[in-house]
Amino acid sequence: MTAERGASKRTREAYDRDLGDLAAFLDDKAVDAASRDDLRRYIDHLHKADMAPRTAARRLSCLRQFYKFLYAEGLRGDDPTATLESPRLGRPLPKFLSEDETQRLILAAHDGEGAERARAAALVEVLYATGLRVSELVSLPLAAMRGKGVIIVRGKGDKERMVPVGDAARAAVEDYLPFREQFIPARLKASPWLFPSHGRAGHLGRTAFNVMLKNIAARAGIPLARVSPHVLRHSFATHLLANGADLRSLQEMLGHADISTTQIYTHVLDERMKRLVADNHPLAKIKL
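Here it is, written out as structure tokens:
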């Protein structure tokens, strides 16, 4: 997974937990020797434990990749997952903020003065302008913003992509840069990160940014449960599509390997259109 797929540490740890859960279920039987019936019993066990279908599907995805690897490497003569059925998933629509709510969030991020305010404003502006994943945002190198109009992002699978950056986001970063050195640990003379911090990674962490965003949402008067870094990424995508962006360009900017992942946002627009008709068309209010 590390060498061939470029999987992140977080992904590897999740797969390790999933295989560990199977090992505990099999008890004294080795995981690499599990039969198709063993795996069917394990899937039934997950179902009886009322595990969410999405979590069960992720577990099964892990098993499929593991046993396909064993088969491809000649470590066993069959793939016991070949005939296992995946649990059926309902595809939830992504949560997003309205354009008005997003503007309120941005204004709240800019409210105040000093280093913390400048950093918060830069983070929120860049996130909404680019739709980056939170891990991509907090680990942006300082050099990323030196290009004209675009940044180069290293995303999932260690793949690079170019994402346009608007003037508002670039201006917010320029305002923040004079304060940047205040966030570099005293033990270091310099930092390669755009958003350095005292944490082990050397840059701002995902959790710290999420807490920061919740505080901004509170100042903007937006319910905290409705705001997260990923919700802002969804808002970026939804607002672009609503204002005429094409799906293929959006796929490139979001870094989706498969356009079917990007197509979920069209369902959001479909739901909005249905509500618009139901709320505003004169015939929609007539009961026959």
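Okay, so the sequence shown: first residue is 0 according to numbering that gives the first Met the number 0, each after it adds one.
Glycine residues also receive a C-beta, built at the ideal position from the N, C-alpha and C atoms.
Residue i (DSSP reduced to helix, strand or coil)
i, result
"I215", "helix"
"E84", "coil"
"P228", "helix"
"P303", "Nothing can be reported for residue 303: it is not among the residues displayed for the chain, which extend from 0 to 287."
"P79", "coil"
"E112", "coil"
"M50", "coil"
"P140", "strand"
Proximity to residue i [Cα-Cα], best of the options
i, options, result
"F68", "P281, H229, F235 and M0", "M0"
"L122", "I151, L212 and Y41", "L212"
"R225", "D110, F95 and V210", "F95"
"V230", "R132, R58 and D77", "R132"
"Y41", "L25, P52 and A56", "L25"
"V125", "G111, T101 and E112", "T101"
"L218", "A119, L45 and D78", "Reading off the sequence shown, one finds Arg at residue 218, where the question assumed Leu. It is A119."
"Y66", "A29, T129, A48 and A117", "A29"
Beta-carbon separation (whole angstroms), residue i vs residue j, contact threshold 8 angstroms
i, j, result
"I258", "R247", "7 angstroms"
"V152", "E135", "5 angstroms"
"S138", "H202", "5 angstroms"
"D31", "R75", "7 angstroms"
"I221", "A108", "Between A108 and I221 the Cβ distance is about 12 angstroms, and since that is not below 8 angstroms, they are no contact."
"Y70", "I105", "That belief does not hold up - the Cβ atoms of Y70 and I105 are roughly 51 angstroms apart, past 8 angstroms."
"R160", "M144", "Actually they do not touch by this definition, with Cβ atoms about 16 angstroms apart."
Span of the beta strand (DSSP E) around residue i
i, result
"E72", "Unbroken run through E72: none, as it is neither H nor E."
"I150", "V149 to R153"
"R186", "From DSSP, R186 is part of no beta strand (DSSP E); its letter is neither H nor E."
"M161", "E159 to P163"
First through last residue of the alpha helix (DSSP H) which encompasses residue i
i, result
"V172", "D166 to Y175"
"V137", "V133 to V137"
"E12", "K8 to L25"
"E3", "T1 to R4"
"V30", "Unbroken run through V30: none, as it is neither H nor E."
"M252", "L246 to L253"
"I258", "I258 to T261"
8 angstroms Cβ cutoff, residue i in contact with chain D
i, result
"P184", "Within the model displayed, chain D is absent; a lone protein chain is all it includes."
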